[in-house]
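Chains A and B are the protein sequences, given in the same order. FYI, in this note's numbering the residues of the first sequence are 4 to 230. FYI, in this note's numbering the residues of the second sequence are 4 to 230. Contents: one structure, followed by commentary.
There are 2 protein chains.
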Amino acid sequence: MNTITNPPRGDQTRKALIAAALDVFGRTGFDGASTRALARAAGVNQALIGYHFGGKRGLYLAVFENIAEQMQAHMAPTVEGIDHQLNELPLDDGERRERALQLLLTLFDAFIDMLAGQASAHWTPLVLREQQDPTEAFDLIYDSLIGRLLSLITRLVAISSGMEEGSEACRIRTLMILGHAMVFRIARGFTKRYLQWEELTPAHVDAIKEQFRHSVESQFSERVPQS
Amino acid sequence: MNTITNPPRGDQTRKALIAAALDVFGRTGFDGASTRALARAAGVNQALIGYHFGGKRGLYLAVFENIAEQMQAHMAPTVEGIDHQLNELPLDDGERRERALQLLLTLFDAFIDMLAGQASAHWTPLVLREQQDPTEAFDLIYDSLIGRLLSLITRLVAISSGMEEGSEACRIRTLMILGHAMVFRIARGFTKRYLQWEELTPAHVDAIKEQFRHSVESQFSERVPQS
DNA sequence: GTCTATAGTCGGATAGAC
DNA sequence: GTCTATCCGACTATAGAC
Numbered sequence: 004m005n006t007i008t009n010p011p012r013g014d015q016t017r018k019a020l021i022a023a024a025l026d027v028f029g030r031t032g033f034d035g036a037s038t039r040a041l042a043r044a045a046g047v048n049q050a051l052i053g054y055h056f057g058g059k060r061g062l063y064l065a066v067f068e069n070i071a072e073q074m075q076a077h078m079a080p081t082v083e084g085i086d087h088q089l090n091e092l093p094l095d096d097g098e099r100r101e102r103a104l105q106l107l108l109t110l111f112d113a114f115i116d117m118l119a120g121q122a123s124a125h126w127t128p129l130v131l132r133e134q135q136d137p138t139e140a141f142d143l144i145y146d147s148l149i150g151r152l153l154s155l156i157t158r159l160v161a162i163s164s165g166m167e168e169g170s171e172a173c174r175i176r177t178l179m180i181l182g183h184a185m186v187f188r189i190a191r192g193f194t195k196r197y198l199q200w201e202e203l204t205p206a207h208v209d210a211i212k213e214q215f216r217h218s219v220e221s222q223f224s225e226r227v228p229q230s
Numbered sequence: 004m005n006t007i008t009n010p011p012r013g014d015q016t017r018k019a020l021i022a023a024a025l026d027v028f029g030r031t032g033f034d035g036a037s038t039r040a041l042a043r044a045a046g047v048n049q050a051l052i053g054y055h056f057g058g059k060r061g062l063y064l065a066v067f068e069n070i071a072e073q074m075q076a077h078m079a080p081t082v083e084g085i086d087h088q089l090n091e092l093p094l095d096d097g098e099r100r101e102r103a104l105q106l107l108l109t110l111f112d113a114f115i116d117m118l119a120g121q122a123s124a125h126w127t128p129l130v131l132r133e134q135q136d137p138t139e140a141f142d143l144i145y146d147s148l149i150g151r152l153l154s155l156i157t158r159l160v161a162i163s164s165g166m167e168e169g170s171e172a173c174r175i176r177t178l179m180i181l182g183h184a185m186v187f188r189i190a191r192g193f194t195k196r197y198l199q200w201e202e203l204t205p206a207h208v209d210a211i212k213e214q215f216r217h218s219v220e221s222q223f224s225e226r227v228p229q230s
């Protein structure tokens, strides 16, 4: 009986391949990564990609499942906490808005931490590429987290700004705020060249959070006029 | 004497290849685009890529030169106009800040128009990919426009917010505002799925501009506190 | 400048031994 | 589950006729 103590060898191979593929796909893109390079990076035989994932494309999809899991693991506690607190907001309009704003900032603190993490440097290029021409792989991460996150942000934006939750304006503002936080990962070239940040150190992350906070607080310090 | 009236045949070939490559590279990436596909899309012989550009990589660089030219052509008039008006700002602090804010909004109106244009849909994926791992091709567009644009935005942000122009905080805010405007192009997957915008219609662009204006105006409606 | 033809390389997938 | 060996298609680049 070694069903528990002895991890099957195949599992190790799968894990190694996914971890290596996250890196290699991230650096060279799907077409730029050869199965030989993927196998070498994982330290396994090239034929095992076919055996375990059915082929290169299968491995690619497995990588996205892994990304979705990483995102989930990082954001789930915060999202759940906020979801819960949303049910017990104060009734007074001013307090209510102030509270929602704080929840919004809490959510983005976690979000920025996730983006700043070492791991996200690998998957950002992949997700970015998928965005331009979304396939099944994009659905994987959208459905598991992004969609829910967007809804939650919209709700917080609506309350703290006084905008109507279902309105297009409110959704646009939601995406803009997302842009605020993501620009440092997405526009990496600009960030590197213009801020001369070679990589995101904790000090940089703090500076980003601080400016993000200033920006969002001033945006919603008074009710946003409905157009 | 037909040096003027008769355009050399080679020029047509080069133009056709660059135009086609902009599209094909944009959709499939550098590695995903084969020289055969590039030639077919341009309606020319595959061997001509080698003849005119020295190879696939040479064509890729030529595409980036073309992108830089397109950006320049679109932004140059606005940038120059603003540069000029910056020299004759009113001395009164309040008026000065208000004026700089209006210039900032003018600049971004042009910038958003550029991003919303049909052409940018093709080159956005290319630029995005270059950003993740900048090569010589990225320098081409950074040096020709982006760098100057960032400096100009920073200056306008500094004046209209009261932040110190050279400060890191001011530069961070500059990039964040850029993120505001770029998110709809860059996070295309989110935009499509969440706003259910299949493409950017003029009405969508107007809505983006309006929210952008609201956001920036409220951010700088009072002096930003220095940390 | 443009074409055909091909050399030379590398890709993903898989058959079959262990 | 893992390996070696290999098939076969697709690729880039280029030689050489026109």
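All C-beta atoms, glycine included, are put in the ideal place defined by N, C-alpha and C. Predicted model only: the values in this text are computed from it and were never measured.
The C-beta distance from residue 143 (chain B) to residue 71 (chain B) rounds to 5 Å, short enough to meet the 8 Å contact threshold. Within the region 127-141 of chain B, the residues whose Cβ lies closer than 8 Å to any Cβ of chain A are, in chain order, 127, 128, 131, 132, 133, 134, 135, 136, 137, 141. The residues 99, 102, in chain order, have a CB closer than 6 Å to that of residue 92 (chain B) in the same chain once the five nearest residues on each side in sequence are set aside. Apart from the 5 residues on each side of it in sequence, residue 108 (chain A) sits with its Cβ closer than 7 Å to the Cβ of 216, 219 in its chain, given in chain order. Excluding the 5 residues flanking it on each side, residue 36 (chain A) has same chain C-beta neighbours closer than 6 Å at 27, 28, in chain order. Interface annotation, residue 30 (chain A): in contact with chain B, CB-CB separation under 8 Å. In this structure, the beta-carbon distance from residue 51 (chain A) to residue 16 (chain A) falls below 8 Å.
Under the 8 Å Cβ criterion, the region 132-139 of chain B does not count as touching the region 150-161 of chain A, having fewer than three qualifying pairs.
Under the three-pair Cβ rule at 8 Å, the region 113-130 of chain B does not count as touching the region 112-120 of chain A. Only 187, 189, 190, 191, 192, 193, 194, 195, 196, 197, 198 from the region 187-201 of chain A bring a Cβ to less than 9 Å from some Cβ of chain B. About 5 Å separates the beta carbon of residue 175 (chain A) from that of residue 214 (chain B), a gap short enough to meet the 8 Å contact definition. The C-alpha of residue 48 (chain B) is placed about 47 Å away from the C-alpha of residue 120 (chain A). Residue environment for residue 81 (chain A): buried (at least 16 other C-beta atoms within 10 angstroms of its C-beta). Taking the C-beta atoms as reference points, residue 124 (chain B) is found no nearer than 8 Å to residue 73 (chain B). Taking 8 Å as the cut-off, the beta carbon of residue 211 (chain B) is found closer than this to the beta carbon of residue 187 (chain B). Secondary structure remark: continuous alpha helix (DSSP H) runs of at least 4 residues inside the region 5-85 of chain B, in chain order: 12-35, 38-45, 50-56. Per DSSP, residue 223 (chain A) lies in no alpha helix (DSSP H) segment and is marked neither H nor E. At a C-beta separation below 9 Å, residue 221 (chain A) has these neighbours in chain B: 221, 222, 223, 224, 225, 227. Separation of residue 55 (chain A) and residue 97 (chain A) (C-alpha to C-alpha, rounded to the nearest whole angstrom) is 56 Å.
In this structure, the alpha-carbon of residue 200 (chain B) lies about 14 Å from that of residue 135 (chain A). Contact check for residue 85 (chain A) against residue 104 (chain A) fails: the beta carbons are separated by 8 Å or more.
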